[in-house]
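Remarks on the structure that follows.
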Amino acid sequence: MIPLDMSPSLYTLYMSRNLFKPSFGTYPHLLVGRDQLLDEFEDAFDGILDPAGLTVLLSGQRGMGKTVLLDSYRRAAESAGWLVITESSSAGLLERLTRDHLPRLLRDHSDEPRTRLESASGTVGPLGGGVSWTERYPAESTLRSQITELTDALRPSGRGLVITIDEVQAADIEDLRKVGEIIQYGRREERLLAFMGAGLSTPIEELLDHPGATFLRRAEHYPVGRVSRADVRAALAGTIADSGREIDVQALDLAADAVDGYPFMLQLVGYHSLKAHKATGPITTDEVNAGIAAARRRLGRHVHTPALRPLSSVDRTYLLAMAQDDGPSRTGKIAERMDVTAQYAGEYRRRLIRDGIIESAGHGKVRFTIPYTADHLREHAAHDALEGLAGEGG
Ligand SMILES: Nc1ncnc2c1ncn2[C@@H]1O[C@H](COP(=O)(O)OP(=O)(O)OP(=O)(O)O)[C@@H](O)[C@H]1O
Ligand SMILES: [Mg+2]
């Protein structure tokens, strides 16, 4: 029952929900634009196993939805009865696998004598000879024997083990090499063992060149990019309806344009447009405009600023030269604006593409990968210039 003394604004909150989730790593109310990938994930665990679907690498810019897709992979695996270990690349990954995750799963799913398994976790002390399992074997062979044992135990029921690792670009390369080796052994021995990693585009590209990451080069590699306008519209309209609200057609178009195919922005624009909606009746264009403004402020803070911070000043000059255009920029024009040769500009273009900041937009053209990068650069350039002037004056 609704309390009688509720204020009108509290009442509005009470009656309506906001199902948009503008935070990283949060599974969206409606996941759109990834149907093909989701199908492949389901196929990966469906009966006759195609080994290709069992070692997967996702790469993309911030906020494109990599972590959400890792979660979809986990869900697909779990609904086929597989066990899943979900990890991130923070320090101590190998220890967490060998002392926490695997002993726990082995306890629940293997018939091996308890003492041995528990000493593998490091919780129970010495095993024959006064040396514990983890002390006697280095982490790598512990990892291999634990995985062997677990996948052997699961095999009769047709189930396997999945390890997902987020932010792989931040992994200790030695840890990653060890995990990779075990995945490769697993592949050779035809074990039901799957791996999915996800990380940011550029560092992933660099990681793939590293000798310790051979197994990742063999992984099925999916770039995770923008989603179509139709998908954006469907997700906006559907989430708004499920939140108990309606939206004008023009307002919906406005919101879809502002999202520009970028999943994080979809959640931001949706969330802040609902938040701006105070009155009864459908959400209006004014309210969506207010939502877009709020969304853009957060996008700047959470995405543009961190993405642009590591760039050199020449990189920035290149981007500022691009930011003069409203749509895609001609590479020749950029070189002209920078007053450099096309070849010199070309090197920066290649790096910025590899860094995932810009992308090719057809022959001789480039554009920014994340919406509003140009606006952000322009605003900040203006701000910096003003600060510079103020500095000269004072
Ligand atoms: N396909 C999608 N449809 C709708 N919303 C999505 C989709 N993918 C991601 N989102 C939303 O976008 C936001 C960012 O997703 P996620 O955290 O998975 O991005 P990410 O690529 O892992 O970013 P980062 O590189 O910063 O970790 C979340 O709010 C999520 O709910
Ligand atoms: Mg993520």
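61 is the number of the first residue of the sequence shown in this note's numbering; add one for each residue after it. Where a beta carbon is used, it is the ideal one built from N, C-alpha and C, also for glycine.
Relative to ligand 1, the beta carbon of K81 is positioned inside 7 Å of a heavy atom.
The way I'd put it, the segment 91 to 98 does touch the segment 120 to 136; three or more beta-carbon pairs between them come closer than 8 Å.
Contact check for G360 against H436 passes: the beta carbons are separated by less than 8 Å. When secondary structure is reduced to three states using DSSP, A336 falls in the helix class.
In terms of CA proximity to A402, Y378 leads the group A383, D415, S170 and Y378.
For Y245, the enclosing alpha helix (DSSP H) starts and ends at I233 to R248. The beta carbon of L97 sits closer than 6 Å to no other beta carbon from its chain once the five residues preceding and following it are set aside.
The closest CA to that of E347, considering only A381, R305 and H362, is found on R305. G257 sits in a strand when the DSSP states are folded into three classes. Across the structure, E439 and S149 are spaced so that their CA atoms are roughly 35 Å apart.
With fewer than 16 other Cβ atoms inside 10 Å of its own Cβ, A301 counts as exposed.
C-alpha of P370 to C-alpha of A311: approximately 36 Å in a straight line. Where Y408 is concerned, the enclosing alpha helix (DSSP H) starts and stops at A402 to R414. According to the DSSP assignment, E419 belongs to the beta strand (DSSP E) that extends over I418 to S420. A check of alpha carbon separations from D160 across A441, Q206 and F324 identifies Q206 as the nearest. Using a C-beta cut-off of 8 Å, the segment 376 to 396 makes no contact with the segment 337 to 351, since fewer than three inter-stretch Cβ pairs fall below that distance.
Counting C-beta pairs with one atom in each stretch, the segment 221 to 230 and the segment 250 to 266 have three or more that are closer than 8 Å, which means they touch. Judged by their CB atoms, D385 and L412 are not nearer to each other than the 8 Å cut-off. A residue is listed when its beta-carbon falls short of 6 Å from at least one non-hydrogen atom of ligand 2; in chain order these are F84, G85, K126, T127 and D226.
By the 16-neighbour rule on beta-carbons within 10 angstroms, A137 is buried. Remark: C-beta atoms of A315 and L296 approach each other more closely than 8 Å.
The Cβ atoms of M398 and A434 lie no closer than 8 Å to each other. Ligand 1 approaches A295 closely enough that one of its heavy atoms is under 7 Å from the residue's Cβ. Between G141 and R219, the C-beta gap is smaller than 8 Å, which places the two residues in contact.
Using a Cβ distance threshold of 8 Å, Y282 and L118 count as a contacting pair. Ligand 1 has no heavy atom closer than 7 Å to the beta-carbon of Q244. For K425, DSSP records a beta bridge to R390. Secondary structure at V116: strand, using DSSP grouped into helix, strand and coil.
Three or more Cβ pairs closer than 8 Å define a contact, and the segment 234 to 245 meets that threshold against the segment 262 to 278. Taking 7 Å as the cut-off, the C-beta of P323 counts as close to a heavy atom of ligand 1. Look at M124: its beta carbon is less than 7 Å from one of the heavy atoms in ligand 1. Counting every other CB atom within 10 Å of its CB across the protein chains shown gives G125 a total of 16 or more, marking it as buried. Burial check for H270: the Cβ neighbour count within 10 Å stays below 16, so the residue is exposed. R247 and V222 have their C-alpha atoms roughly 13 Å apart.
Within a 10 Å sphere around the beta-carbon of H332 sit 16 or more other beta-carbons, which makes this residue buried.
Within the segment 305 to 388, no run of beta strand (DSSP E) at least 3 residues long lies entirely inside it.
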